[in-house]
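Below is one structure; the comments refer to it alone.
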Amino acid sequence: MSMDQLPPLRAVIAEHGLNADKRFGQHYLLDLNLTAKIARLCGDMSGATVMEVGPGPGGLTRALFSEGAARVTVIEKDRRFVPALEQIGEAAPGRFSIIEADALKVDESALPFEGERMLASNLPYNVGTALLIKWLQADPIWWTRLVLMFQKEVAERVVATPSDKQYGRLAILTAAVAKSRYAFTVPARAFTPPPKVDSAVVVLEPLPEDQRFSDLKALSTVTESAFGQRRKTLRKSLGPAASQTGKSAEALLEIAGIDPGARAETIPPEGFFKLAEAWRAARG
Numbered sequence: 312m313s314m315d316q317l318p319p320l321r322a323v324i325a326e327h328g329l330n331a332d333k334r335f336g337q338h339y340l341l342d343l344n345l346t347a348k349i350a351r352l353c354g355d356m357s358g359a360t361v362m363e364v365g366p367g368p369g370g371l372t373r374a375l376f377s378e379g380a381a382r383v384t385v386i387e388k389d390r391r392f393v394p395a396l397e398q399i400g401e402a403a404p405g406r407f408s409i410i411e412a413d414a415l416k417v418d419e420s421a422l423p424f425e426g427e428r429m430l431a432s433n434l435p436y437n438v439g440t441a442l443l444i445k446w447l448q449a450d451p452i453w454w455t456r457l458v459l460m461f462q463k464e465v466a467e468r469v470v471a472t473p474s475d476k477q478y479g480r481l482a483i484l485t486a487a488v489a490k491s492r493y494a495f496t497v498p499a500r501a502f503t504p505p506p507k508v509d510s511a512v513v514v515l516e517p518l519p520e521d522q523r524f525s526d527l528k529a530l531s532t533v534t535e536s537a538f539g540q541r542r543k544t545l546r547k548s549l550g551p552a553a554s555q556t557g558k559s560a561e562a563l564l565e566i567a568g569i570d571p572g573a574r575a576e577t578i579p580p581e582g583f584f585k586l587a588e589a590w591r592a593a594r595g
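Heads up: take any position in the sequence shown, counting from 1, add 311, and you land on my numbering.
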C-alpha cells in the first residue's frame, strides 16, 4: 500500500471514532493543501528524520512523506490514534515509528535518527509554549529546523521585536538560540472542530553555536521578572530577580548598560543577554 492508497482522513476518523478531545487541545487539520504547505517549510527532507508531536489521525504525517521526508517519528500521547497511525507505517515500511509518550517528558536527543533532525507539528494549544521552551533549552540543540503551528497570538509572541505589543520573554528566549520567521496564518475554519482563534505557522533555525546565548535559565529568570509588571520601569520590575543576588536592580542594570528607567519592552534581546550575565555573575 502506498501513501496515495490510504483512506481519506475523514474516513479514518469515523472508522476509529477519533473525536477531538478538548483536554488535549486537539483540532484536526484535514486540508491537504495546507498540510502540504506546512510540510514544504521543512525544505529538503530527503536525508532527514522528521519528528512530529501530536500527529492525531496523521494529516501532517502523510504530507511529510508526500513532500519527501526520508523518515518520520511521531510522538503521540493519546493511544486512540495508534491504529490510524499504524496504517501510515504500512505505507512507509521501515521509515516510520510511533512513540507513545508525553512529549514534555521525552528526551528527543536520545531517540534514534539518521541524517538531519527536523521537527514539524501542529502543536496542541495547551502545551505548545512549554514544548517550544523545552526545545530552545535543549543542550545540545538537536534540531536543524522547527516548523511549528501555534495559536496566532503565541506565534506573534515568538517572532516579536522590541516595542511590538507582543514582545516579551518568549521572543527573547527564541532570539537567544534561533532565527525565527512568521510563515503564514491558518484560519480557525480550516480545522475540525474549529477553535475559537486563528493559528499560525512559524519556522525556527538554530543560530551558529558561537552566536547563541547559552544560559537560558538565567535569561528566563531575568525576563520573567522584567516582564512580570510590564508597565513598571526595570528599576522596579526587576526586583524579584535582583533579590536573589544581593545586588539592587539598579546595580545589575548598570552592569548590563541598561537605563533603569526603561521599560522591558524597549530593550533588545542583546540587552537581556547582558543582564542575564550580570545576574549570573552576581549570584556567584
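Yeah, the Cβ is synthetic: ideal placement off N, Cα and C, and Gly gets one too.
Nearest to I399 by CA position, among L586, R541, A501 and M314, is which residue? Locating residue 399 in the sequence shown gives position 88, counting from the first residue. Of L586, R541, A501 and M314, the residue nearest in Cα terms is M314.
State the Cα-Cα distance for the pair A489 and Q540, rounded to the nearest angstrom. Translated into the one-based positions of the sequence shown, residue 489 becomes position 178. Translated into the one-based positions of the sequence shown, residue 540 becomes position 229. Those two C-alpha atoms are separated by around 26 angstroms.
What residue range is occupied by the uninterrupted beta strand (DSSP E) comprising K490? Numbered from 1 along the sequence shown, position 179 holds the residue referred to as residue 490. Taken as a continuous stretch (DSSP letters only), the beta strand (DSSP E) holding K490 covers A489 to V497.
Considering Cα atoms alone, identify which of L545, A529 and L564 is closest to Q448. What you label residue 448 is simply residue 137 of the sequence shown in a count that begins at 1. For the set L545, A529 and L564, the Cα lying nearest the Cα of Q448 is the one of A529.
How long is the line joining the alpha carbons of A560 and A587, rounded to whole angstroms? Within the sequence shown, the letter at position 249 stands for residue 560. Within the sequence shown, the letter at position 276 stands for residue 587. Rounded to whole angstroms, the gap between the alpha carbons of A560 and A587 is 12 angstroms.
Under 8 angstroms: do the segment 533 to 551 and the segment 454 to 473 share three or more Cβ pairs, one atom per stretch? By the C-beta criterion, the segment 533 to 551 is judged not to be in contact with the segment 454 to 473, since fewer than 3 inter-stretch pairs fall below 8 angstroms.
Terminal residues of the alpha helix (DSSP H) in which I324 lies: Within the sequence shown, the letter at position 13 stands for residue 324. First-last of the alpha helix (DSSP H) with I324: L320 to H327.
Run of the beta strand (DSSP E) containing A421, from where it starts to where it stops: To locate residue 421, count along the sequence shown from 1; it is residue 110. A421 -> no beta strand (DSSP E), and no H or E assigned at all.
T346 bridges to which residues according to DSSP? For the purposes of this step, residue 346 is taken as residue 35 along the sequence shown, with counting starting at 1. In the DSSP output, where bridge partners are listed per residue, T346 has none listed.
Which full runs of the beta strand (DSSP E) of 3+ residues lie inside the segment 390 to 417, going along the chain? Annotation: the segment 390 to 417 contains the following complete segments of the beta strand (DSSP E) (minimum length 3 residues), in chain order: 407 to 411.
To the nearest whole angstrom, what separates the beta carbons of V659 and I349, a pair I think is in contact under 8 angstroms? Outside the shown range of the chain, which is 312 to 595, sits residue 659, and nothing can be said about it.
Apart from the five residues just before and just after L341, which ones in its own chain have a Cβ nearer than 7 angstroms to its Cβ? Counting from 1 along the sequence shown, the entry for residue 341 is found at position 30. Same-chain partners within the cutoff: L320, R321, G370 and T503.
Cutoff 6 angstroms; reference F613; Cβ partners in own chain excluding five residues on either side: This structure cannot speak to residue 613, because the chain is shown only from 312 to 595.
Which of helix, strand or coil does DSSP assign to E378? For the purposes of this step, residue 378 is taken as residue 67 along the sequence shown, with counting starting at 1. E378 falls in the coil class under three-state DSSP.
Just how far apart, CA to CA, sit D308 and G367? Because the chain is modelled from 312 through 595, residue 308 falls outside the range shown and cannot be assessed.
Compare the beta carbon distance of M356 and R428 with 8 angstroms and say whether it is the shorter of the two. Taking the first residue of the sequence shown as 1, we reach residue 356 at position 45. Taking the first residue of the sequence shown as 1, we reach residue 428 at position 117. In this structure, M356 sits away from R428, with a CB-CB distance that is not shorter than 8 angstroms.
Using beta-carbon positions only, say whether A499 and P505 come within less than 8 angstroms of one another. For the purposes of this step, residue 499 is identified with residue 188 of the sequence shown, where counting begins at 1. For the purposes of this step, residue 505 is identified with residue 194 of the sequence shown, where counting begins at 1. Contact: yes.
Q462 classed as buried or exposed, judged by whether at least 16 other C-beta atoms fall within 10 angstroms: Start at 1 with the first residue of the sequence shown, and residue 462 comes out as number 151. Under this definition Q462 is a buried residue.
Does the segment 479 to 486 come into contact with the segment 546 to 560, if we say contact requires no fewer than three beta-carbon pairs (one atom in each stretch) closer than 8 angstroms? No: the two stretches stay apart, fewer than three of their Cβ pairs being nearer than 8 angstroms.
Give me the Cα-Cα distance between T532 and P394, rounded to the nearest whole angstrom. Position 221 of the sequence shown, counting from 1, holds the residue named residue 532. Position 83 of the sequence shown, counting from 1, holds the residue named residue 394. Roughly 43 angstroms between the two C-alpha positions.
Bridge partners of Y339, per DSSP? Position 28 of the sequence shown holds residue 339. DSSP lists T503 as partners of Y339.
Judging by CA-CA distance, which residue of P435, L329, F407 and L564 is the nearest neighbour of P423? Position 112 of the sequence shown, counted from the start, is the residue given in the question as residue 423. Between P423 and the set P435, L329, F407 and L564, the nearest pair of CA atoms involves F407.
Does the Cβ-Cβ distance between T440 and V465 come in under 8 angstroms? For the purposes of this step, residue 440 is taken as residue 129 along the sequence shown, with counting starting at 1. For the purposes of this step, residue 465 is taken as residue 154 along the sequence shown, with counting starting at 1. In this structure, V465 lies closer than 8 angstroms to T440 by Cβ.
Three-state secondary structure (DSSP) of V360: One-based indexing of the sequence shown puts residue 360 at position 49. The question names Val, but residue 360 in the sequence shown is Thr. Strand at T360.
Using the DSSP secondary-structure output, state which residues sit across from E516 in a beta bridge. Here residue 516 corresponds to residue number 205 of the sequence shown, with the count starting at 1. Looking at the DSSP output, E516 shares a beta bridge with K490.
Thinking C-beta only, is R523 closer than 8 angstroms to A487? As a position in the sequence shown, residue 487 is number 176, starting the count at 1. As a position in the sequence shown, residue 523 is number 212, starting the count at 1. Note that the C-beta distance between A487 and R523 is below 8 angstroms.
Nearest residue (CA-CA) to K507, options D332, V438 and H338: Working through the sequence shown from its first residue, we reach residue 507 at position 196. Ranking D332, V438 and H338 by Cα distance to K507 puts H338 first.
Quick one, are the C-beta atoms of G414 and V364 less than 8 angstroms apart? Residue 414 sits at position 103 when you count from the first residue of the sequence shown. Residue 364 sits at position 53 when you count from the first residue of the sequence shown. In the sequence as presented, Gly is not what sits at residue 414; that position holds Ala. It is a contact, given that the beta carbons lie within the stated cut-off.
Distance, Cα to Cα, D570 vs P517? Mapped onto the sequence shown, residue 570 falls at position 259. Mapped onto the sequence shown, residue 517 falls at position 206. When rounded, the distance between both Cα atoms is 30 angstroms.
When the Cα atoms are used, what is the spatial distance from A501 to A359? Within the sequence shown, the letter at position 190 stands for residue 501. Within the sequence shown, the letter at position 48 stands for residue 359. Going by C-alpha positions, A501 is about 28 angstroms away from A359.
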